[in-house]
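Below is one structure, written out as structure tokens; the observations come after it.
2 protein chains.
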Amino acid sequence: MKKLGKIIRKEREKRKLLLRQASALLEIDQAILSKIERGERKATKEQILKFSDKYEIEEEELMIAWLADKVYQIVGDEKQALKALKVAEKEVKYKTTVKYGN
Amino acid sequence: MKKLGKIIRKEREKRKLLLRQASALLEIDQAILSKIERGERKATKEQILKFSDKYEIEEEELMIAWLADKVYQIVGDEKQALKALKVAEKEVKYKTTVKYGN
DNA sequence: TATGTCTTGACAAGATTTGTCAAAGGTAGC
DNA sequence: GCTACCTTTGACAAATCTTGTCAAGACATA
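In order, the protein sequence lines correspond to chains A and B.
Per my numbering: the first sequence = residues 434 to 535.
Per my numbering: the second sequence = residues 434 to 535.
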């Protein structure tokens, strides 16, 4: 909950939008927007799509940041974080190799 | 929710315990145990500690499997899974470099 | 002070997770 | 077939977490 926030705050600033204006454009409550930008709240998938749509940012870029934030939230303060990520990564790679999921 | 299940099912079989017996030993409901072993439910942290304690398995090993399962659950079926993991990994590495968190 | 912007916190509604239990499925022996 | 035993499944309420909404607070600056 930090990567995504940085991206959308930067975009809002680039567009010189006040939170109030961005809130109207995106149809997301201003308080929530403020929290998402600062990484205090995580966005919903629906909100990601709004950011992508209204801010015209590649959905893929947002998804990566969003997922990374969520992953970090889980492993972030565990000693085994890195090892766990490696295991998960292997799993993901395996899944994409064997075409029909697992 | 697969790695951890495999570990604890294997351990139970090694000990030749019935689900009912393992349930009593671990003080975890039998139905839940069955589901955790098959990856249908994810364990709570408290349960991880019970597994580690009663089954005498390194807590670290269980934590890695448990975290990896949770991470996989998040990114597993997203196209950007690998990239997101890479970003999260970088974040974790950075955090451990800069000693006082971020 | 007054005005405008952003942040914070409380709250309820909704969604998800958790544990408990009983019933259903499956298997092996009789 | 019928028993006896083990595992899996599903329904349920209680507890927990998430989400959106709103008003008040904090902060800057004219």
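Ideal Cβ positions, reconstructed from N, Cα and C, are used throughout, including at glycine.
For clarity, every value in this text was computed on a predicted model and none was experimentally measured.
For the pair Asp510/A and Leu437/A, the CB atoms are not nearer than the 7 Å cut-off. For Glu511/A, the C-beta contacts it makes with chain B under 8 Å involve Met496, Leu500, in order along the chain.
Taking a Cβ-Cβ cut-off of 7 Å, the neighbours of Lys436/B in chain A comprise Val520, given in sequence order. At the C-beta level, Ala517/A and Ile497/B come within 7 Å of one another. With a threshold of 7 Å between beta carbons, Lys443/B makes no contact with chain A. DSSP places Gly438/A in the uninterrupted alpha helix (DSSP H) bounded by 436-447. With a cut-off of 8 Å on Cβ pairs, the segment 475-491 of chain B is in contact with the segment 435-454 of chain B, counting three or more such pairs. Identification of residues in the segment 475-492 of chain B having a C-beta nearer than 9 Å to some C-beta of chain A yields an empty set.
Exposed is the label assigned to Tyr527/B, since fewer than 16 other Cβ atoms lie within 10 Å of its Cβ. Shown here for Ser456/B: same chain residues with a beta carbon closer than 6 Å to its own, the five before and five after excluded, namely Gln463, Leu466 in chain order.
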